[in-house]
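Worksheet for the structure shown next.
In our numbering, the protein residues as written are 253 to 707.
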């Protein structure tokens, strides 16, 4: 690997930092990938210890016209943490829970705080942070903000954008800002500032006040019903706020940062809304289908039962677990040889109400005729069934074959190595069956491995 012309200048930058910056081959290699298929060697990897370090790094990047790539746990599946600039890893030093307010049900954290670790701290207060990615034991809250992460329970608790209240950040000139809810008069005050922050408010106010711009955003952005998606910056969310929509919530640029993948600012602290702990009791119905098409058609009617989660296990994953000693005990509930299984979870603090809700769900399923078996699960049986589903991505990643595509994720196999290639498409539940059939026609001769959950 040839030395970059700026490597000598990084020595000077490193001397100014309380943290460190590395540009040796090992660190370039370690940070050349995330959990995606993409690989790019970064110029360097910075481990800032505080805001002053971040400001020095931003100034260096501005001077030398280098991109900055904020990074936390690197669990992204679409290459968001990969690039040829300076990777800014805040997972090492920005790890404090700054404030918990149980009266307001809020928490303020630095971006390097782990989601599950936070919930362990919050549990004695009967509170938790709702969005729960499949990597929640590893992922960090700054990354969840950048990715607008959701997870299996987003049908109940929403996505990270729904939970963010305020963001403390550094802009591209190194200036400190706090993005939080603003009244119309506060927007005017911000827009009058002779700073980069003021310029941001001025441009957003001017752009979003234009009726033609509003019309274009409403016409061209995805339907509002497809809540969990990152199609461009969330301008459609901003125009639904006051003053652009009279009955909307207060204008809040922190909602724009959710899903921006660290491209708009470097976050130093985030305030999130919290939820009461989930209902204590849970029941599950495992629906067995003779085809993926039947499973997709069943999603819309079952979602009307206020499910806690709705997850798919397809035949590709099920076959991977056959004869596998680690999953033998987890397959106890499987009837016959289904092409797909939907795991439908209900929750309630009252077991009698929960049992009644389960009966109503079973009645809907029986009336539909799509499922050939519906197995109720309780207690530890639910944990075993979930473990089977959660093993899916790892099992698919180790497959060897001619090609596997996933929905919402795609995994393809080349030269005996399985590669995830299409990740996290958000599709309206009413379109699932139609789109899956279309994808199958687009990829004839390719084995499908759908790995999906309803949001």
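Backbone N, C-alpha and C define an ideal beta-carbon position, used for all residues, glycine too.
Query, Result
"Would you identify the three-state DSSP class for residue 482, choosing helix, strand or coil?", "coil"
"What residues in its chain sit with their C-beta under 8 Å from that of residue 313, if we drop five residues either side in the sequence?", "319, 320, 337 and 338"
"Residue range of the beta strand (DSSP E) that residue 562 falls in?", "561–566"
"Please classify residue 449: is it buried, with 16 or more other beta-carbons within 10 angstroms of its beta-carbon, or exposed?", "buried"
"Classify residue 404 as helix, strand or coil using the three-state DSSP reduction.", "coil"
"According to DSSP, is residue 301 part of a helix, a strand, or is it coil?", "coil"
"Would you say residue 533 and residue 595 are within 8 Å of each other, going by their C-beta atoms?", "no"
"I'd like the list of long-range same chain contacts for residue 351, defined as Cβ closer than 6 Å, with 5 residues on each side in sequence excluded.", "360"
"Assuming residue 397 and residue 412 make a contact with CB atoms under 8 Å, what is their CB distance in whole Å?", "6 Å"
"Under a Cβ-count criterion, where at least 16 other Cβ atoms within 10 Å of its own Cβ denotes burial, should residue 587 be classed as buried or exposed?", "exposed"
"Tell whether a beta-carbon distance below 8 Å holds between residue 429 and residue 522.", "no"
"Can you give the Cα-Cα distance for residue 714 and residue 278, rounded to whole angstroms?", "No answer is possible for residue 714: the residues shown for the chain start at 253 and end at 707."
"Taking the beta strand (DSSP E) that residue 263 falls in, what are its first and last residues?", "No beta strand (DSSP E) holds residue 263; the alpha helix (DSSP H) holding it covers 259–268."
"Looking only at DSSP bridge pairs, what is residue 419 linked to?", "431 and 522"
"How should residue 362 be labelled, buried or exposed, when 16 other C-beta atoms within 10 angstroms of its C-beta is the threshold for buried?", "buried"
"Is the beta carbon of residue 543 less than 8 Å from the beta carbon of residue 591?", "yes"
"If we ignore side chains and look at the alpha-carbon of each, how far apart do residue 545 and residue 641 end up?", "19 Å"
"Going by C-alpha to C-alpha distance, which of 364, 289 and 389 sits closest to residue 372?", "389"
"Could you say which of 561, 618 and 627 lies nearest to residue 409 if we only look at CA atoms?", "561"
"Give the single residue among 296, 322 and 342 whose Cα lies nearest to the Cα of residue 265.", "296"
"For residue 477, tell me which candidate among 576, 485, 489 and 354 has the shortest Cα-Cα distance.", "489"
"Buried or exposed: residue 475, going by 16 or more other Cβ atoms within 10 Å of its Cβ?", "exposed"
"Just how far apart, CA to CA, sit residue 270 and residue 469?", "44 Å"
"Would residue 331 and residue 286 be called neighbours here (beta carbons separated by less than 8 Å)?", "yes"
"Quick check on the burial criterion: 16 or more other C-beta atoms within 10 angstroms. Buried or exposed for residue 471?", "exposed"
"Please work out which residues of its chain come closer than 7 Å, Cβ to Cβ, to residue 405, disregarding the five sequence neighbours upstream and downstream, and give them in chain order.", "382, 384, 560 and 561"
"Kindly indicate which three-state DSSP category residue 512 falls into: helix, strand or coil?", "coil"
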